[in-house]
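> Here you go, one structure.
Numbering (the UniProt record's numbering), first residue to last: 1 to 187.
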């Protein structure tokens, strides 16, 4: 941690810059697609639950975009020697916020897709598979979000070690595996 103690932000470089660029690059296409979807469905009077779920998922994704973008200026993707204690704490906060909002957005987007499939599926087996997918996605996300809030006591200890105590690192690793495996399985 060689950065001056009074540094409160850094210019993204390397992986942090790549993360920022990719995040900002993917924002306009997702916004355009969701806007077109909602606009067309409203115009034709068929705006429904699946559209509301997608819109909520997109709004949460926009929070993710903001968190990641701001986090890059606090040190996400930066080498440790560029960071001081303040930046490390802020980047950890932004990682925790990212995990929380990303999982939340993911469940709404998947739910939107499942509700759409339930609307068009006529074969009972397809409907059962869709319900199982929706249920598995909701349960795994709920477990991960509860885990994120329960991992450290108080929650602030996730980014400020002096604030309390946290579970061993294997807990967050396990939660990451769970959300990744569930995302792959439900896709």
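Built from N, CA and C at the ideal position, the CB exists for glycine as well. As the structure is a computational prediction, the values presented were derived from the model and not from experiment.
With a threshold of 8 Å between beta-carbons, can residue 83 be considered close to chain C, or not?
The question asks about chain C, but that chain is absent: this structure has only one protein chain.
> With DSSP as the reference, please indicate the residues paired to residue 153 in a beta bridge.
Counting from one through the chain shown, the residue named residue 153 turns up at place 153. Beta-bridge pairing links residue 153 to 165.
> Pick helix, strand or coil for residue 5, following the three-state DSSP scheme.
By 1-based counting over the chain shown, the position of residue 5 is 5. Three-state DSSP puts residue 5 in coil, outside helix and strand.
> Suppose you measure from the CA of residue 62 to the CA of residue 89; what does that come to, to the nearest Å?
Locating residue 62 in the chain shown gives position 62, counting from the first residue. Locating residue 89 in the chain shown gives position 89, counting from the first residue. Using only the alpha carbons, I get a separation of about 23 Å.
> Give every residue of the same chain whose Cβ lies closer than 7 Å to the Cβ of residue 159, excluding the five residues on either side of it in the sequence, and list them in chain order.
Stepping through the chain shown from its first residue, residue 159 is reached at position 159. 89, 92, 93 and 96, listed in sequence order.
> For my contact list, residue 199 and residue 183 are in at a C-beta cut-off of 8 Å; report their separation, rounded to the angstrom.
Examination of residue 199 is not possible in this model, given that the chain is present from 1 through 187 alone.
> Could you tell me the alpha carbon to alpha carbon distance between residue 47 and residue 176, rounded to whole angstroms?
Translated into positions along the chain shown, residue 47 becomes position 47. Translated into positions along the chain shown, residue 176 becomes position 176. Each residue's Cα considered, the two are about 34 Å apart.
> Could you tell me whether the region 154-173 touches the region 111-126, where touching means 3 or more Cβ pairs closer than 8 Å?
Flag = no, the region 154-173 and the region 111-126 do not touch.
> Are the CB atoms of residue 108 and residue 64 nearer to each other than 8 Å?
Mapped onto the chain shown, residue 108 falls at position 108. Mapped onto the chain shown, residue 64 falls at position 64. The answer is no: Cβ separation not under 8 Å.
> Between residue 190 and residue 114, is the Cβ-Cβ spacing less than 8 Å?
Here the chain covers residues 1 to 187 and nothing more, so residue 190 does not appear.
> Does the beta-carbon of residue 137 have 16 or more other beta-carbons within 10 angstroms, so that it is buried, or is it exposed?
Residue numbering aside, residue 137 sits at position 137 when the chain shown is read from its first letter. So residue 137 ends up on the buried side.
> Give me the Cα-Cα distance between residue 42 and residue 30, rounded to the nearest whole angstrom.
Working through the chain shown from its first residue, we reach residue 42 at position 42. Working through the chain shown from its first residue, we reach residue 30 at position 30. Approximately 18 Å between the Cα atoms of the pair.
> Shortest alpha-carbon distance to residue 18 belongs to which of 60, 54, 72 and 101?
The residue given as residue 18 occupies position 18 in the chain shown. Answer by Cα proximity: 72.
> Mind reading off the beta-carbon distance from residue 50 to residue 116? Whole number of angstroms is fine, and I expect it under 8 Å.
On the chain shown, residue 50 is found 50 positions in, with the first residue counted as 1. On the chain shown, residue 116 is found 116 positions in, with the first residue counted as 1. At roughly 4 Å, the Cβ-Cβ gap stays under 8 Å, so residue 50 and residue 116 are in contact.
> Drop a sphere of 10 angstroms on the beta-carbon of residue 12, count the other beta-carbons inside from all chains shown, and report buried for 16 or more, exposed for fewer.
The residue labelled residue 12 in the question sits at position 12 within the chain shown. Buried is the call here.
> Thinking C-alpha only, which one of 16, 125 and 131 is nearest residue 67?
Stepping through the chain shown from its first residue, residue 67 is reached at position 67. Among 16, 125 and 131, the Cα nearest to that of residue 67 belongs to 16.
> Would residue 53 pass as a contact of residue 38 if the rule is Cβ separation under 8 Å?
As a working mapping, residue 53 is identified with position 53 in the chain shown. As a working mapping, residue 38 is identified with position 38 in the chain shown. No. Outside cutoff.
> Along the chain, where does the alpha helix (DSSP H) that runs through residue 99 open and close?
Indexing the chain shown from 1 puts residue 99 at position 99. Where residue 99 is concerned, the enclosing alpha helix (DSSP H) stretches over 85-120.
> Near residue 74, what residues of its chain come up, given a Cβ to Cβ distance below 7 Å and the 5 sequence neighbours on each side ignored?
To locate residue 74, count along the chain shown from 1; it is residue 74. Correct list, in chain order: 9, 87, 90, 91 and 94.
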